[in-house]
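**Q**
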Amino acid sequence: MKIKQTFGENLFDTMNVLFLGLMCLVVLVPFLHIAAGSFSSTNALIHSQVKVWPVHFNVDNYIKVMQNMAFWSSFKISIIITVLGTALNMFLTVIMAYPLSKAGLKGRKFFMLMIIFTMIFSAPLIPSYFVVKSFGMLNTIWALIIPSALSVFNMILCYTFFRNLPEELFEAARVDGMSEYGILFRIALPLSLPILVTLTLYYAVGHWNNYSAALIYITKPALRPLQLYLYSMIAQGNLGDVNSTVNELATLDTSPEGLKMATILVATVPIMLIYPFIQKHFIKGTLVGSVKG
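Position 108 of the sequence shown, counting from 1, maps to 108 under the UniProt record's numbering, and the rest follow consecutively.
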């Protein structure tokens, strides 16, 4: 049975749709401008003719980006950091959140207090740098993985989800002789798929987009992740790596702005392609806190 809405409710829904549509447009327009510029001719970019649609369609910028070995080296580094970092993040998050969700754990309140303390009072930059240096992690990918191995906020989200799982299921499994590891891997984790997928996406996007840690800990060009490569290209105007193939590709219609836009788009698309495959679990995971008490 469909409930008839009042005029005020219809007006509220309409204003919500218009407002959210406007916000989506505000977010989407810069991306469309970058995409249009990357597919436009040099002449169109120079004369500022490009808005949100390519002018004089041109793929030469992408050809030149694909020929750039420095870009693909940074791309590979980012993939390695994202995969290893996310795997470590999820492992530590789960093995900390699950036992802390058990009311019978001795010292549970003390451990939670210490964990929350680190979230409120984080280490300053200079001490963090010296810790990384003292462990010999400078100019290694581990400097971009180990210091951010656990997000306390994400761990608390996972802890909250575990705490709201039916304890009766765990008690029944213990009666049947299942160990705590079996309960975790065969019951708790399958039931927690929405929050696990959500946290995996949070961690992966964080690693993929992180450039500040690389800016501090990485000085070797061969170890630059993709975002540091983009920072070097855009903020510092360093196009030397891209222009290294200029003699071979002199006939291509490219420009510094077009190359930057094409590189940004190629660097952004991979992480965007993941979302459609996990959208169902992601939405459920982000909403679970509002429907479970």
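In this text, a Cβ means the ideal position worked out from N, Cα and C, and glycines have one as well. Please read all numbers here as calculations on a predicted model, not as lab measurements.
#1: Is the separation between the beta-carbon of F161 and that of S192 shorter than 7 Å?
#2: Quick test of your reading: L144 and A70, contact by CB under 8 Å. State the CB separation rounded to the nearest angstrom.
#3: At what residue ranges does the region 139 to 219 contain a whole run of the alpha helix (DSSP H), taking only runs of 4 or more?
#4: Helix, strand or coil for Q67, going by three-state DSSP, please let me know.
#5: Looking at A235 and S38, is the spacing between their C-beta atoms short of 7 Å?
#6: What would DSSP say about S40, mapped onto helix, strand or coil?
#7: Considering only residues of the same chain and omitting the five flanking positions on each side of L125, which have a CB-CB separation below 8 Å?
#8: Specify the secondary structure class of K4 as computed by DSSP and reduced to three states.
#9: With DSSP as the reference, label K51 as helix, strand or coil.
#10: Within the same chain, show all residues whose beta-carbon is closer than 6 Å to that of M137, passing over the 5 residues directly before and after it, in chain order.
#11: Would you mind sorting D13 into buried or exposed? The rule is 16 or more other CB atoms within 10 Å of its CB.
#12: Should A222 be labelled buried (16 or more other beta-carbon atoms within 10 Å of its own) or exposed?
#13: By Cβ distance below 8 Å, which residues in the same chain neighbour T245 in space, the five residues on each side in sequence not counted?
#14: Tell me the residue span of the alpha helix (DSSP H) that contains S122.
#15: Quick check on DSSP: helix, strand or coil for N58?
#16: Buried or exposed, going by whether 16 or more other CB atoms sit within 10 Å of the CB of D176?
#17: Under the three-state reduction of DSSP, which class applies to D253: helix, strand or coil?
#18: Between I77 and P256, is the Cβ-Cβ spacing less than 7 Å?
**A** This is what the structure holds:
#1: yes
#2: At roughly 18 Å, the Cβ-Cβ gap does not stay under 8 Å, so L144 and A70 are not in contact.
#3: 152 to 163, 167 to 175, 180 to 183, 193 to 209, 212 to 217
#4: coil
#5: no
#6: coil
#7: I216
#8: coil
#9: coil
#10: A143
#11: exposed
#12: exposed
#13: For T245, the predicted structure reports a pLDDT of 47, less than 50, and the residue's modelled location is therefore unreliable. A value from the coordinates is still provided. Result list for T245: K64, Q67, N68, in chain order.
#14: Run containing S122: none; DSSP gives neither H nor E here.
#15: coil
#16: exposed
#17: coil
#18: no
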